[in-house]
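Residue numbers (the numbering used here): 1 to 164.
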Amino acid sequence: MTTAPNQSPFPASDLDRNQIWHMLVPRDIAAFVAADWSMVEDDFKADGFYAIDACRSDDPDVWKMMFPDLTAYRDEWLRQAVATKDVPYAEDLYTAVFRATTLDKIDITGNRALVRKHFNGRIKKADGSEDRLLWKTHYYCEKQDSGKWLITGFTGYLPNHDPA
């Protein structure tokens with residue numbers, strides 16, 4: 001599905017899916033590019049958060065409980081974001097990550113959501129090489145009494161077999 005930059009693929013009337021999309025696409029990308037956790041820290045439900053690293057494998061027996069809590073995830077997120085910020089890219093990083101990101105399927109049942117975010121793209125580096133983004137992340141979200149959706153966990157680095 002092709003949309004204009006920063007435009008949700010969901011109808012404007014679908015407030016829940018749009019809120020989730022904005023949280024997990026433009027805000028997440030902007031925070032990562034800026035290496036600024038404060039931009040996304042309120043998007044997580046800290047109590048009970050955990051995340052699985054699928055190690056880019058279809059075999060769940062090799063998956064790892066990589067992030068037993070939000071602090072562990074935050075620390076790794078910041079490590080990766082800072083390292084990425086130091087890479088000289090030949091193109092705008094936000095635009096390139098956005099181009100490589102697809103999030104157009106969100107299943108909502110009651111106050112829970114399963115969100116599928118796919119990465120499939122290449123980012124050109126200044127030295128002529130490229131970074132390859134090719135994995136999927138399935139986020140688990142919960143709608144709070146306030147109406148705000150929060151990320152309660154995810155299974156990330158799932159293999160992405162989408163055509164390049």
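We put the CB at the ideal spot given by N, CA and C, even for glycine.
Nearest-angstrom Cα separation, counted from residue j out to residue i
| i | j | result |
| --- | --- | --- |
| LYS125 | ALA81 | 16 angstroms |
| ALA16 | THR109 | With the sequence shown as reference, residue 16 is identified as Asp, and Ala is not the correct amino acid for it. So the two alpha carbons sit approximately 11 angstroms from each other. |
| SER146 | THR101 | 28 angstroms |
| ASP162 | ARG27 | 24 angstroms |
| PHE67 | ASP92 | 30 angstroms |
| ASN111 | MET65 | 25 angstroms |
| ALA12 | VAL25 | 16 angstroms |
| ALA46 | LYS143 | 14 angstroms |
| ASP69 | PHE44 | 11 angstroms |
| ILE106 | ASP53 | 20 angstroms |
| ALA83 | PHE32 | 10 angstroms |
| TRP135 | ALA72 | 21 angstroms |
| ASP14 | VAL115 | 15 angstroms |
Spatial neighbours of residue i in its chain, beta-carbon cut-off 7 angstroms, leaving aside the 5 residues before and after
| i | result |
| --- | --- |
| GLY153 | PHE49, TYR50, ALA51, TYR140 |
| ASP58 | PRO159 |
| ALA30 | MET39, TYR94 |
| CYS55 | VAL62, TRP63, LYS64, TYR157 |
| LYS148 | none |
| ALA90 | LYS124, LYS125, ALA126 |
Neighbourhood of residue i by C-beta, 6 angstroms cutoff - its chain only, sequence neighbours within 5 removed
| i | result |
| --- | --- |
| GLY133 | Per the sequence presented here, residue 133 reads as Leu, with Gly not at that position. Taken in chain order, the residues that qualify are ALA100, PHE119, GLY121. |
| MET1 | Only weak support exists for where MET1 lies, its pLDDT of 42 falling under 50; the coordinates are left without a value. |
| ASP131 | ILE123 |
| PHE98 | ILE29 |
| PRO60 | none |
Own chain, CB closer than 8 angstroms to residue i, minus 5 neighbours either side, in chain order
| i | result |
| --- | --- |
| ARG74 | TRP37, GLU41 |
| SER129 | none |
Given residue i as reference, the closest of the options once Cα atoms are compared
| i | options | result |
| --- | --- | --- |
| ALA34 | LYS105, ASP104, LYS85, ALA46 | LYS85 |
| ALA113 | LEU150, PRO60, ASP61, VAL62 | LEU150 |
| PRO88 | ASP127, ASP107, PRO60, THR71 | ASP127 |
| THR155 | GLN144, LYS117, SER129 | LYS117 |
Residue i Cβ short of 7 angstroms to the ligand GDP heavy atom set
| i | result |
| --- | --- |
| GLY110 | Among the ligands in the structure shown, none appear at all, so the ligand GDP cannot be discussed. |
Does the region 63-83 come within contact of the region 5-18, defined as at least 3 CB pairs closer than 8 angstroms? no
Pick out the complete beta strand (DSSP E) segments inside the region 71-127, 3 residues or longer, and give them in chain order. 101-109, 112-124
Determine contact between the region 137-156 and the region 17-29, defined as no fewer than three beta-carbon pairs at a distance below 8 angstroms. yes
Whole beta strand (DSSP E) runs in the region 39-66 with 3 or more residues, listed along the chain? 50-53
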